[in-house]
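*Asks:*
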Amino acid sequence: MSCKNPKEGTELKKGLAGCYLGIGLVHWGQGSFEKALEYIFKSLRINKELGNKTGILICCNDIGCVYRNQQDYNKASEYYNKSLKLCKETGNKTGMSLCYGNLGLVHTELGNSAFNKKAKAENFDLAIEYFSKSLKISEEIGNKSVSTQNYICIGNLYSKLGNHKKAIEFCDKGIELAKTIGELDILKEAYLFISGVYANAGEFSKAYEHHLLYSQVNDSVFKDKSTKRIAEMQTKYENAEKEKENELLKKDKTLKEAQIKRQNILIYSIVSGFVLMFVLAFVIFRSYRQKKKANTLLAFQKAEILKKNEALQQQQDEILQQNEEIKQQTEEILTQRDLLSEKNDELSLKNQQITDSIEYAQLIQNAILPNDTKLKKYLKDYFILYKPKDIVGGDFYWFSKHGDNIFVAAADCTGHGVPGGFMSMLGYSSLNNIINEKRIYTPSEILENLNLQISAAFQQDDKDVVTQDDGMDITLCCINKTKKEIQIACANQNAYLAVNNELKIIKGDIYSIGDKLKANESGLYTNQVYPLTEDSILYLSSDGYQDQFGGTDEEKFSVGRFLELLETNHQLPMEAQLSVLNSTFIEWKGHNR
740 MSCKNPKEGT ELKKGLAGCY LGIGLVHWGQ GSFEKALEYI FKSLRINKEL GNKTGILICC
800 NDIGCVYRNQ QDYNKASEYY NKSLKLCKET GNKTGMSLCY GNLGLVHTEL GNSAFNKKAK
860 AENFDLAIEY FSKSLKISEE IGNKSVSTQN YICIGNLYSK LGNHKKAIEF CDKGIELAKT
920 IGELDILKEA YLFISGVYAN AGEFSKAYEH HLLYSQVNDS VFKDKSTKRI AEMQTKYENA
980 EKEKENELLK KDKTLKEAQI KRQNILIYSI VSGFVLMFVL AFVIFRSYRQ KKKANTLLAF
1040 QKAEILKKNE ALQQQQDEIL QQNEEIKQQT EEILTQRDLL SEKNDELSLK NQQITDSIEY
1100 AQLIQNAILP NDTKLKKYLK DYFILYKPKD IVGGDFYWFS KHGDNIFVAA ADCTGHGVPG
1160 GFMSMLGYSS LNNIINEKRI YTPSEILENL NLQISAAFQQ DDKDVVTQDD GMDITLCCIN
1220 KTKKEIQIAC ANQNAYLAVN NELKIIKGDI YSIGDKLKAN ESGLYTNQVY PLTEDSILYL
1280 SSDGYQDQFG GTDEEKFSVG RFLELLETNH QLPMEAQLSV LNSTFIEWKG HNR
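Numbers 740 to 1332, taken from the numbering used here, label the letters of the sequence shown in order.
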């Protein structure tokens, strides 16, 4: 399609961008977040081509909202800030207030999900800062509804921080503003919330007083809704009565019309009797004449039938010949079917041979993995949950001991099945070479050497060779019981350390082993050192558990659920932890692979 008028073409593109945005919002409302992002990003690209800043800032804000629903708070903050920047450039104060409020929601949710008090407090403080900025702008532009919500959100955060005085102050302001604009639903929730704040502060009389106010507003909202419902039912009743009255009038009219019709039928019957007698006499005379004509016609038709019989006999001969041809074709088809059956048997045999080979490869892969006898000799207490997706897999675990140093690793190689199995063998042999032969014992240096060996194996440093971006994500730790310390280095993975009943996330570096863009670079991996205590529990894991699809909504298990599972069960004995993790995984996975 072409458009000679540039202005008309621009309008068409704007319309298309609007359609994509609308489709994305529909998918968002239905919970299809990936589809929502697909269409909103299409709208964003068109708006960028047109230089439409208003369209861009709207798309960025909506993308941030979708990422927030997916609990991807880093990307949510990124796009909210992009939208905020454009709002500032265009002087869009309503948009600025909305973006600050959304950033406040992001840090509120981060605070709610944080595992330690410091992280909670930091995120709640940032959330208060953003809601305060949103409040300032909403008051400037006179948006009382948004101001009311900001007051309540800030009061909620102060309550979470234990500052009941500030929480009550902001909630009271929100309540007064909600009264002036008649926002009964917000007012009801504000009364209920502040009642809880007073109760936590020990002011039970005021807590009771505000709970009564909540009940009154709730009753008022219920009465309004009930009044509307009664009015609707009264209207339906009146309409039904009118329909009944109309139906009775229609039936009366129908009865009168039927009576008149019966009288007319009686008159018509008498007249028709006389007419019928005349017609009958005419028909008898006419049928006599037609009988003579019919006899003549029958003689002619008999001759025609004889001719048609001859034609049918000829067609029957042709059909017999066609049947013979069909019989020959059927024999050919049966022959082809037999050949196809032989081919299928050959394919089944080859498939069985391939499966046997892969299962033998599984025996080889399992043989190189550390066995319980070796692990129990050096590790006090541990468990291993190893569930490959295919017969052979790309995930592997590794163990080695040199002097006072105990080395443990968990790796996730590129791909699944046979390709992943080959990568795991390469990773396993490379680790043995680096530690057992080169005698390199620092985890970060081990990963540096592993990165060089994998890159060299795939010729990723040769610009004239086309290679795949193959490699692995790995966490490697060195445990020294004499020094009582744990050294850890992570390549695009995280580890988890539980000490004093608190679970700590050990964040790794962002580069995988074998990253084409970092083939010859050094200093990519950080060596992290932690004290080793009697109650230290270290968890190494690939992303297979948290990325498993399942549940009632067919979604990923998620990092959040995985961390909650570890935090809830890390005090149990190792065998009990293994049982909980395994049963939870199986139940979540269901029929998925």
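Backbone N, C-alpha and C define an ideal beta-carbon position, used for all residues, glycine too.
Computed from a predicted model, the values in this text were never measured in an experiment.
Identify the residues that DSSP records as bridge partners of cysteine 1216: which are they?
*Replies:* DSSP output for cysteine 1216 lists Val1147, Ile1227 as bridge partner(s).
*Asks:* Identify whether glutamine 1285 lies in helix, strand or coil by the three-state DSSP scheme.
*Replies:* Reduced to three states, the DSSP call for glutamine 1285 is coil.
*Asks:* Assess contact between the segment 1184-1191 and the segment 1206-1222, defined as three or more Cβ pairs (one per stretch) separated by less than 8 Å. Is contact present?
*Replies:* Cβ pair count under 8 Å is three or more, so yes.
*Asks:* Taking buried to mean at least 16 other C-beta atoms within 10 Å of its own C-beta, is valine 765 buried or exposed?
*Replies:* So valine 765 ends up on the exposed side.
*Asks:* Reducing DSSP to helix, strand and coil, say where glutamate 986 ends up.
*Replies:* Helix.
*Asks:* Using three-state DSSP, classify valine 1298 as helix, strand or coil.
*Replies:* Helix.
*Asks:* So, helix, strand or coil for phenylalanine 1324, using DSSP?
*Replies:* Here phenylalanine 1324 sits in helix by DSSP.
*Asks:* Does the ligand ZN have even one heavy atom less than 6 Å from the beta-carbon of asparagine 1240?
*Replies:* Questions concerning the ligand ZN fall outside what the structure shown contains, since it holds no ligand whatsoever.
*Asks:* Distance, Cα to Cα, leucine 931 vs aspartate 924?
*Replies:* Whole-angstrom Cα-Cα distance: 11 Å.
*Asks:* Please state if the CB of serine 886 and the CB of glycine 840 are separated by a distance shorter than 7 Å.
*Replies:* For glycine 840 and serine 886, no; Cβs fall outside 7 Å.
*Asks:* Just the Cα atoms here: how many angstroms apart are lysine 1140 and aspartate 864?
*Replies:* In a straight line, the C-alpha of lysine 1140 is about 47 Å away from that of aspartate 864.
*Asks:* In the DSSP assignment, find the unbroken alpha helix (DSSP H) run with proline 1182 in it and report its ends.
*Replies:* 1182-1196 is the span of the alpha helix (DSSP H), which, as asked, contains proline 1182.
*Asks:* Quick check: the Cα distance between lysine 945 and threonine 919, rounded to an integer number of angstroms?
*Replies:* C-alpha separation (whole angstroms): 22 Å.
*Asks:* Would you mind giving the Cβ-Cβ distance between aspartate 1209 and methionine 1164, rounded to the nearest angstrom? I have them listed as a contact below 8 Å.
*Replies:* With a Cβ gap of about 13 Å, aspartate 1209 and methionine 1164 do not count as contacting.
*Asks:* Look at the Cβ atom of alanine 756, then the Cβ atom of asparagine 786, and state whether they are nearer than 7 Å.
*Replies:* For alanine 756 and asparagine 786, yes; Cβs fall inside 7 Å.
*Asks:* Please classify aspartate 1120: does DSSP put it in a helix, a strand, or coil?
*Replies:* Coil, per DSSP.
*Asks:* Take threonine 1221 as the anchor and find which of Glu1273, Lys1246, Asn1171 has the nearest alpha-carbon.
*Replies:* Nearest C-alpha to threonine 1221: Glu1273.
*Asks:* Roughly how far, in whole angstroms, is the beta-carbon of serine 822 from the beta-carbon of glycine 834, given that I think they are within contact range, below 8 Å?
*Replies:* Right, their Cβ atoms sit about 7 Å apart.
*Asks:* Would DSSP call proline 1158 helix, strand or coil?
*Replies:* Reduced to three states, the DSSP call for proline 1158 is helix.
*Asks:* Please report the residue range of the alpha helix (DSSP H) in which lysine 1128 lies.
*Replies:* Counting along the chain, lysine 1128 falls outside any alpha helix (DSSP H), and DSSP gives it neither H nor E.
*Asks:* Smallest Cα separation from isoleucine 779: which of Gly761, Ala906, Lys995?
*Replies:* The residue with the shortest Cα to Cα distance from isoleucine 779 is Gly761.
*Asks:* Could you tell me if serine 934 is buried or exposed, where buried requires 16 or more neighbouring beta carbons within 10 angstroms of its beta carbon?
*Replies:* Looking at its Cβ environment, which holds 16 or more other Cβ atoms inside 10 Å, serine 934 is buried.
*Asks:* Using the three-state DSSP reduction, which class does lysine 1177 fall into: helix, strand or coil?
*Replies:* Three-state result, lysine 1177: coil.
*Asks:* Under 7 Å between the Cβ atoms of isoleucine 914 and alanine 929?
*Replies:* In this structure, alanine 929 lies closer than 7 Å to isoleucine 914 by Cβ.
*Asks:* Would asparagine 1266 and glutamine 1310 qualify as a contact pair, given that the criterion is a beta-carbon distance under 7 Å?
*Replies:* Cβ atoms of asparagine 1266 and glutamine 1310: not closer than 7 Å.
*Asks:* Taking the CB atoms as reference points, tell me whether cysteine 826 and leucine 849 lie closer together than 7 Å.
*Replies:* Result no, Cβ atoms of cysteine 826 and leucine 849 do not sit closer than 7 Å.
*Asks:* Helix, strand or coil: which one does DSSP assign to aspartate 1134?
*Replies:* Strand.
*Asks:* Can a CB atom of chain C be found closer than 7 Å to the CB of leucine 1036?
*Replies:* Protein chains in the displayed structure number just one, and chain C is not present.
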